[in-house]
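See below for the structure under consideration.
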Amino acid sequence: MTNEEWLVEIDRFVRHLKRNTPLAANSIDAYRNHLRRIVSFAGGLTKNCAVKFSQGAEKQWAIKTVSGAVDCYNKYVEWARRPKDKVRHITLSVPPSFEHVPSRGDVERLVAYMRENGAGVREVTLVRFLAATGARISEVLRVTVGDVRRGVSEQIGKGRKLRRVLIPKSLASEIAAGPLAENAADRWPLFRRRAFDGRRFARRGGVGITARWACNTLHDWAGRAGLDSQAFHPHAFRHFFAKEALKSSGNDVSLVCDLLGHADIKTTSKYLKLTQAEQRQGLDRIANWF
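First residue of the sequence shown? That's 0 in my numbering, and the numbers climb one at a time after it.
Right under this line is the structure:
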């Protein structure tokens, strides 16, 4: 098969995923991109091509990317009824790193800078909402004005499971009384742009925002505030929330696991690992015997 024919085959597989699996749109896009990556590198989706990719692609892509592509290939050959063509999963031995998670001081500095330098209410509220809830950006964009008024957003989340995003009472009350919720129906998405006529926001119309817009907004404002812009992306706030919540709750892993919507408490436990800076502070505090 030619590369063009393999791309057609990938499209057929993607249609199968959309129709017959509970995968989110972003996950399906990842399958498409990973399989196209293998075709581009190795010339096809045969076993030999997958082996060639797994052994040689590390020079071009991160090991995590290569591992993800191999997993997608194995799912593809299952669908194509070629189970003997599966290749060995690449095990990642690199532990999770949270060295580039913004600190509480960094987040407070960013919010203060945005308020002082003309950022819109929507942008400032986005930062505060991400930091206070630990929600995924896909979940944040589905939060409605009614959810804020109730203090909780119930959604069908990752893995088609019920996800409950709790909103701190003080933040929910402030947002509900502010311009983002003004004159808005309960079903209106909280972060959707609405037309403003100089007196009030319109009840209908407007423009939706995207995860890319959110990411670019955070990068831009963090850079302007003199912070590490690479540490400020939507998912970094999920890591920030996890670490801060564990500190404030006395390392109540069960509570934080529920708040983040983790299926396995082991996923939450990884946030107990200290960063290098935290290890240094701890060492300087306790090493007093010399």
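In this text, a Cβ means the ideal position worked out from N, Cα and C, and glycines have one as well.
Residues near residue i by beta carbon distance below 7 Å, same chain, minus five either side
i	result
Ala286	none
Lys58	none
Ala118	Trp220
Arg114	Val123
Arg31	Ile9, Val13
Phe239	Val100, Pro101, Val106, Ala130
Min CB distance residue i to chain D below 8 Å
i	result
Val38	Going by chain labels, chain D is absent from the structure shown, which holds only one protein chain.
Whole-Å CB distance - residue i paired with residue j, under 8 Å assumed
i	j	result
Phe231	Leu217	4 Å
Ala221	Leu109	6 Å
Val38	Ser53	14 Å between Cβ atoms; not a contact.
Ile27	Val13	6 Å
Ala302	Val100	Because the chain is modelled from 0 through 289, residue 302 falls outside the range shown and cannot be assessed.
Leu44	Tyr75	6 Å
Ile166	Gly150	5 Å
Val252	Thr267	5 Å
Residue burial classification, residue i (beta-carbon count within 10 angstroms, cutoff 16)
i	result
Thr209	exposed
Trp288	exposed
Asp146	buried
Gly249	exposed
Val120	exposed
Glu4	exposed
Ala180	buried
Ala241	buried
Arg211	exposed
Ser247	exposed
Proximal residues to residue i (C-beta, below 6 Å), its chain only, five neighbours per side dropped
i	result
Ser228	His218, Ala221, Gly222
Arg162	Gln154, Gly156, Gly260
Ala175	Val147, Arg148
Asn73	Lys85
Ala41	Cys48, Lys51, Phe52
Three-way DSSP call (helix, strand, coil) for residue i in this model
i	result
Ser248	coil
Gln54	helix
Glu319	This structure does not reach residue 319, given that the chain is present from 0 up to 289, and the question cannot be answered.
Val86	coil
Thr274	coil
Arg114	helix
Ile166	coil
Leu179	coil
Arg192	strand
Val151	strand
Thr143	strand
Leu125	helix
Gly197	Here Gly197 scores only 42 on pLDDT, less than 50, and its place in the model is too uncertain to base an answer on.
Leu161	strand
Ile208	coil
Ala286	coil
His261	coil
Gln59	coil
8 Å Cβ shell around residue i - same chain, five flanking residues per side excluded
i	result
Gln280	none
>> So within the segment 212-249, which uninterrupted alpha helix (DSSP H) runs reach at least 4 residues, ignoring any that extend past its ends?
In response: 233-247
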